[in-house]
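Taking it in order: structure first as structure tokens, then the write-up.
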Amino acid sequence: MLSQKVRYTIRALQHLADHYGEGLVHLEDIAQAQNIPPKFLTVILSEMARAGLVHSQRGKDGGYSLGLAPIDIRYGDIVRITSGSLALVPCASRYAYEKCKNCLAEDECRLRALMLKVRDETAVILDQITLADPIQPIAELDPALAN
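Okay, so the sequence shown: first residue is 69 according to the working numbering, each after it adds one.
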């Protein structure tokens with residue numbers, strides 16, 4: 069599952085994308101609109117600024133804006149920057165690989181083989197969708213997707 073930090077980051081960046089080209093957005097406005105604790109949002113936006121995805125300006129007239137055009141920010145990049153990996157297990161991570169403790173040899177582990185496929189398919193999807201792509205909320209959850 070995505071951590072709360074990743075979810076907050078995505079929502080904050082979606083908010084900035086919605087206001088792209090309109091100037092700076094105040095932290096309080098993002099926090100209120102996206103239901104994100106302001107102190108946590110400050111940390112998140114600072115990390116995104118260091119990664120070049122967000123521009124920040126201090127002061128009375130300060131705020132935040134995207135550092136890149138929404139079309140240049142992929143969801144896969146956001147997840148990788150925020151959590152370090154798209155993989156569900158450490159041994160399937162491309163960029164944050166760690167050998168699993170108490171596991172089988174990797175060349176014998178079917179779980180790792182499965183998780184590598186999941187990671188690759190997840191990357192295909194998240195690397196094709198940018199903040200510029202329209203994504204509408206789903207009004208009603210399909211019961212088949214509830215599990």
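Glycine is no exception: its CB is placed at the ideal position from the N, C-alpha and C atoms.
- For Ser124, the closest alpha carbon among the candidates Phe108, Met69, Leu95 is that of Leu95.
- DSSP, reduced to helix, strand and coil, places Arg142 within a strand of the structure shown.
- Contact annotation: Leu92 and Ser133 have beta-carbon atoms nearer than 8 Å.
- Around the beta-carbon of Tyr76, 16 or more other beta-carbon atoms lie within 10 Å, marking it buried.
- Looking from the CA of Leu156, the closest CA among Asp188, Leu136, Gly130 belongs to Asp188.
- A direct Cα-Cα distance of roughly 6 Å separates Ala85 from Leu199.
- Considering only Pro205, Thr190, Ile197, the residue with the shortest C-alpha distance to Leu70 is Thr190.
- Closest by C-alpha distance to Glu176, out of Ala164, Tyr163, Cys159, Tyr165, is Cys159.
- Linking Leu154 to His83 through their CA atoms gives a straight-line distance of about 22 Å.
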